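Please read the structure below before turning to the comments.
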Amino acid sequence: MPYDLKEVAAISGMPGLYRLVRPTRAGVIVETLDERATRSVASARNKVSLLHEISIYTQDYDQTVPLAEVFDRIRQHYGEDFALTNKSDDRDLTSFMETIIPDYDRQRVYMSDIKKLVTWYRLVSTALPYDAAPETAAPEAEETAVEAQPAQEEAPAKAPKAAKSEDTVETAEAKPKARAKKKAE
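Going by the UniProt record's numbering, the first residue of the sequence shown is number 1, and it counts up by one from there.
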């Protein structure tokens, strides 16, 4: 997907979206996606929802649309000019949702969810880069796989280093024995 949402999270009790920096004992260090980029700790009490795990319900009970795909559809349909906000009229928001996902489940997707979607898209579109060429990533992956094969051929050249480490293990085993004799005397 064009937006990389793997490290972006919504945290209960904290407004806005956050980028995960690193875990700590007490929770997770997060950084806001706004201009200030302030860091704080989200405690273990807070529920951290990663955006790449969130989906929108559809009429088909077994099928959902991932949030990254929804953001991509919004970007394709509206481009850079996205005028809706969470303060927009409810009719405008429902028509927006029908445009983006025509078969969304109207009973399980509430108006608050649509408002949250609009707010999140505005934050993500301003804070994260949009990768417009996801199709070119597949040929690059093939090239890196071809480049990885010569690296495997070089692996036997590194075998003598392993032999040196075995020699040091033998000398390390010999040294404690010598020290033990000195202590015993």
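Think of the CB as a built atom: it goes at the ideal place given N, C-alpha and C, for glycine as much as any other residue.
Quick caveat: nothing in here was measured; it's all calculated off a predicted structure.
By DSSP, does residue i sit in helix, in strand, or in coil?
i	result
residue 119	helix
residue 38	coil
residue 128	coil
residue 31	strand
residue 12	coil
residue 114	helix
residue 50	strand
residue 58	strand
residue 104	strand
Counting only beta-carbon separations shorter than 9 Å, does residue i have a partner in chain D?
i	result
residue 117	Protein chains in the displayed structure number just one, and chain D is not present.
Quick check on the DSSP output: the alpha helix (DSSP H) that includes residue i runs from which residue to which?
i	result
residue 44	Run containing residue 44: none; DSSP gives neither H nor E here.
residue 68	67 to 78
residue 93	90 to 100
Grab me the residues of residue i's own chain with a C-beta within less than 8 Å of its C-beta, minus the 5 sequence neighbours each way, in chain order.
i	result
residue 77	99, 100
State the start and end residues of the unbroken beta strand (DSSP E) segment that holds residue i.
i	result
residue 20	17 to 23
By the 10 Å Cβ neighbour count, where 16 or more other Cβ atoms means buried, how is residue i classified, buried or exposed?
i	result
residue 201	Because residue 201 is not part of the residues shown, which for the chain are 1 to 185, the question remains open.
residue 150	Confidence is the limiting factor: at residue 150 the pLDDT is only 44, short of 50, which leaves the residue's position unreliable and the question unanswerable from this model.
residue 118	buried
Closer than 7 Å by C-beta to residue i: which residues in its own chain qualify, once you throw out the five before and the five after it? Chain order, please.
i	result
residue 21	29, 30, 31, 39
Are the stretch 100 to 108 and the stretch 56 to 72 touching by the rule of at least three beta carbon pairs closer than 8 Å? yes
Three Cβ pairs or more, each shorter than 8 Å: is that satisfied between the stretch 78 to 90 and the stretch 35 to 52? no
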